[in-house]
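Here the structure comes first, spelled out in structure tokens, and everything after it is commentary.
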Amino acid sequence: MDYIEVLVGVISALISSIVLIWWGMRICKKDITIKHNVDPYSWFMIHTIVYFITITLMLIVDMIQANSEVIKEMPVGIIGAMILFVQKGGLIILVMLVSSWIYNRYIKINEFSYFIIRYPWIKKIFFSLICISLGGLYLIEIQKRNNCNILSDDYSFIAVWIISFIQIWIGFGMRFYERGEFKMRFSEWKKRMKSIEELKYFLICILSMFVIPIMTVVYYVVKGKIPERAINIIHFLFLGISFGAIVLILVIFFWNLRHNPNNCISKRRLNNCLNNLFNNKKIQVDYYEGVKYCIVKKSSCIALTASIDNVILDKDVQFDDEYRERLEQLLDLFEGEYTFEKYTEEDIRKNIEMDLSKFATDRKDILKEGWSKVYEVCEQKEKEK
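Position 316 of the sequence shown, counting from 1, maps to 346 under this note's numbering, and the rest follow consecutively.
In structure tokens form, the structure reads like this:
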């Protein structure tokens, strides 16, 4: 290892962090667009980042497992069971859980939920590809050691990845369709594929899954012909990109935690804001389930203002006037005043929470209704083809 290799890793970490943070903040800050539109670059970024992070987590699991194998004896108990769990590759469960959570976050942020609803097995295909490719990488490395004993510990991770692959498709939620039902579902899928637009989105999604796994497998195959220094540079480059991906995840996670907290966190933060307000702080600003609010303490009352991010409707979808009117009303600034003469402190707390909760619920309902309308239009187009 020399300074050039380390420098490559540092530079790649900085560049990837800056680029991915910019991309993530751009997604987080953009207006909500109710439209059936799948960005191919976002699909590629999602699959690339999740794949890189999964490999990074697997390298960490490898190190933990290698260190745990030093322990040969342990009495029956919780600690012993945990070490046995680690030695037998059980940490892969945590890897898949973390990777799946990251995948779900990206899908939600990029407004791909609709596409996933229509093709729920896309996620299964992606994680199946991860299992197959990582199992293949272990097999390539083992073959280089000329180890032909399949019962040796070297092959244990391959077995674990194969088991993970099988469990993705066979689990407690699996359904066995009868022949007629399967034909009906396959027929529905074929109708969707007749739409050129839908076929384009589908192919973009599937092809973006294969780019990085194929490049990784090719690299491992030809690695023996690459100079050692170049290999070290590639490794540091990979670590730098993985670092950038992790930074992006943290940025998106804390952005969502700040701007779109769940109901429990929203209530707790609202309670803290009101406590500060009644302890002579004049103004408090925070978020309640995606609704930005500002509470101001005046001499005679508590004033509340609330608003939501802008919502853009698809021009190709004919939303009825009643829906557009309700959306415009929701986009208007909400204002409320709670006088000290009319309300006690406890009543003010309850009323503010009720008003914000209703505003947040209306926001969710109107977005859900808008997406439902887009889905109906897509379904209608499919029936007409």
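Note that the Cβ used here is the ideal one computed from N, Cα and C, for glycine as well. None of the values given here were measured: they were computed from a predicted structure.
Would you list the one or two residues that DSSP bridges to residue i?
i, result
"glutamine 359", "Its beta-bridge partners do not exist; DSSP assigns none."
"aspartate 316", "Tyr323"
"serine 337", "Lys322"
"isoleucine 332", "Lys327 and Tyr368"
Under three-state DSSP, which class holds residue i?
i, result
"isoleucine 62", "strand"
"leucine 343", "strand"
"lysine 403", "helix"
"isoleucine 396", "helix"
"isoleucine 76", "helix"
"isoleucine 101", "coil"
"glycine 166", "helix"
"phenylalanine 212", "Note that phenylalanine 212 has pLDDT 47, beneath the 50 cutoff, so the model's placement of it is unreliable and the number below is only indicative. The answer is helix: DSSP assigns phenylalanine 212 an H, G or I state."
"leucine 127", "helix"
"leucine 419", "Only positions 31 to 415 of the chain appear in the structure, and residue 419 is not among them; the question remains open."
"tyrosine 133", "helix"
"tryptophan 191", "helix"
"threonine 374", "coil"
"tryptophan 151", "coil"
"lysine 255", "helix"
"lysine 311", "coil"
"valine 36", "helix"
"glycine 203", "Its pLDDT being 48, under 50, glycine 203 is placed unreliably in this model, and the coordinates cannot settle the point."
Go to residue i, then tell me how far its beta strand (DSSP E) extends in each direction, as first and last residue.
i, result
"glycine 366", "364–369"
Under DSSP, the alpha helix (DSSP H) around residue i begins and ends at which residues?
i, result
"glutamine 117", "108–117"
"tryptophan 285", "258–289"
"phenylalanine 349", "Element bounds for phenylalanine 349: n/a, residue is neither H nor E."
"serine 296", "293–308"
Nearest chain C C-beta to residue i closer than 9 Å, yes or no?
i, result
"asparagine 340", "Included in the structure is just one protein chain, with no chain C present."
Three CB pairs or more closer than 8 Å across the segment 292–307 and the segment 103–111: no
Three or more C-beta pairs below 8 Å linking the segment 337–353 and the segment 305–317: no
contact_flag[the segment 236–256, the segment 153–165] where n(CB pairs < 8 Å) is 3 or more: yes
Validate contact between the segment 264–273 and the segment 81–99 using beta carbons, cut 8 Å, 3 pairs: yes
Given 8 Å, three or more beta-carbon pairs between the segment 349–362 and the segment 272–289: no
Meets three-Cβ-pair contact criterion under 8 Å: the segment 269–283 and the segment 119–127: no
Meets three-Cβ-pair contact criterion under 8 Å: the segment 377–389 and the segment 322–332: yes
The segment 274–281 contacting the segment 37–57, beta-carbon criterion three pairs below 8 Å: yes
Segment contact flag, the segment 253–264 with the segment 84–100, C-beta cutoff 8 Å, min 3 pairs: no
Stretch pair the segment 124–134 + the segment 93–102: three plus CB contacts closer than 8 Å: no
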